[in-house]
Amino acid sequence: MKEDRRLHHKRDGFQFLKTKTAYVIFIVLTYAFGYFSAYYSRQPLQQQQPPSPAAVRDVKTTKPQVCSIDNFRVTTRCGNLVPPELIRQTVIDRILNGTSPYTDFPPPHAEKFLRPKRIKGWGSYGAVFENLIRRVKPKTIVEIGSFLGASAIHMANLTRRLGLEDTQILCVDDFRGWPGFRDRFKDVALVNGDVLLMYQFMQNVVSSNFSGSILPVPFSTGSALEKLCEWGVKADLVEIDAGHDFNSAWADINRAVRILRTGGVIFGHDYFTAADNRGVRRAVNLFAEINRLKVKTDGQHWVIDSVKVT
Numbered sequence: 001m002k003e004d005r006r007l008h009h010k011r012d013g014f015q016f017l018k019t020k021t022a023y024v025i026f027i028v029l030t031y032a033f034g035y036f037s038a039y040y041s042r043q044p045l046q047q048q049q050p051p052s053p054a055a056v057r058d059v060k061t062t063k064p065q066v067c068s069i070d071n072f073r074v075t076t077r078c079g080n081l082v083p084p085e086l087i088r089q090t091v092i093d094r095i096l097n098g099t100s101p102y103t104d105f106p107p108p109h110a111e112k113f114l115r116p117k118r119i120k121g122w123g124s125y126g127a128v129f130e131n132l133i134r135r136v137k138p139k140t141i142v143e144i145g146s147f148l149g150a151s152a153i154h155m156a157n158l159t160r161r162l163g164l165e166d167t168q169i170l171c172v173d174d175f176r177g178w179p180g181f182r183d184r185f186k187d188v189a190l191v192n193g194d195v196l197l198m199y200q201f202m203q204n205v206v207s208s209n210f211s212g213s214i215l216p217v218p219f220s221t222g223s224a225l226e227k228l229c230e231w232g233v234k235a236d237l238v239e240i241d242a243g244h245d246f247n248s249a250w251a252d253i254n255r256a257v258r259i260l261r262t263g264g265v266i267f268g269h270d271y272f273t274a275a276d277n278r279g280v281r282r283a284v285n286l287f288a289e290i291n292r293l294k295v296k297t298d299g300q301h302w303v304i305d306s307v308k309v310t
């Protein structure tokens, strides 16, 4: 009897295997088995390949932070030092074809557009200027970012009052302002797309009787500072007050220190102003930290002494 029941079940099983339902179930199970076998066979390959000890050492020794900062370092080598008394003529010869820009100034096409004196600046009369000029007694000052010349004229007044008659002030600025600046300074003329900012700057200098002390260097800060360095033009005092975003301030500081004489001082505006939100203070602090220097403050200005950068 038991044998009969076993034979009956076997015949039923064989009959079921011949049905379409059994065929579909077989196909689904085969696909599922193949899929999960492939998935689990891949996992160990991803999980069981830790980096070799040599690779780990390479990662640790490359010091990504140092490399990332090195990419932004300025390594321009400066030329032989130009004596202070020759700096003005060197700049005139190199970039102005040997002729002072104040010769036959103003040109006829611009004269009617210029105001006798239109001076405007920000933080241009802070105590930091007199404090540093008294202490450093600079023979050469380089100002990065001049606009209409307020701080340059103030420094020229200070040097004259303190008996530093021979001090030269080089004003590095492209004298283009910034996009939209004429919304606030509509009286600065625009002729055929050329804003007459440099001419108004020069007019202010002439009106203040400082054309022999203040010289415009009308180029971008990056290109001008690199060339001054290559020509051996260095300063005792460098003021940074051009672009106020992090990248601009960082680039200006790192290029400016190349033209700083031994024992000179670099300083700048906007350490405690709204412009700091765009990165001035971050750039100053990062530069000081990397070079192990101390940042001092004087009003809204930052000051770094005794800069030595390799």
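Residue numbers (UniProt numbering): 1 to 310. Note that beta-carbon positions come from the ideal geometry of N, C-alpha and C, so glycine has one too. If you're wondering where the values come from, they're calculated on a predicted model, not measured in any experiment.
(request) Please look up how many angstroms separate the CB atoms of F113 and A189, rounded, as I've assumed it's under 8 Å. (result) 4 Å
(request) Would you mind working out which of L148, R261, G243 and A251 sits nearest H269, comparing C-alpha positions? (result) G243
(request) Give the straight-line distance between the Cα atoms of D245 and L96, rounded to the nearest whole angstrom. (result) 30 Å
(message) Taking the straight line between their C-alpha atoms, what separation do you get for P216 and L162?
(response) 23 Å
(request) State whether the segment 174-189 contacts the segment 203-213, with contact taken as three or more CB pairs (one from each stretch) at a distance under 8 Å. (result) no
(message) Starting from E239, trace the beta strand (DSSP E) in both directions and tell me its first and last residue.
(response) A235 to I240
(request) Using three-state DSSP, classify I153 as helix, strand or coil. (result) helix
(message) Nearest by alpha-carbon distance to residue 311: which of K234, A283 and E239 is it?
(response) Given a span of 1 to 310 for the chain in the structure shown, any question on residue 311 remains unanswerable.
(request) Measure the alpha-carbon distance for D166 versus S213 and round it to whole angstroms. (result) 8 Å
(message) Determine whether the beta carbon atoms of T221 and I144 lie at a separation below 7 Å.
(response) yes
(message) Closest to F210 by C-alpha separation, out of W302, M155 and F129, would be which residue?
(response) M155
(request) Could you name the residues of the same chain whose beta carbon sits closer than 7 Å to that of L148, not counting the 5 residues immediately before and after it, in chain order? (result) R118, I119, K120, G121, Q200, F201 and N204
(request) Work out the CA separation of S208 and P108 for me, nearest whole Å. (result) 21 Å
(request) Answer with buried or exposed for A249, where buried requires no fewer than 16 other C-beta atoms within 10 angstroms of its C-beta. (result) buried
(request) Verify whether the separation of the beta carbon atoms of L225 and R255 is less than 7 Å. (result) yes
(request) With DSSP collapsed to three states, give me the class of I119. (result) coil
(message) Would I253 and F287 be called neighbours here (beta carbons separated by less than 7 Å)?
(response) yes
(request) Can you give me the Cβ contacts of F272 inside the same chain, cut-off strictly under 6 Å, excluding the 5 residues immediately before and after it? (result) Q300
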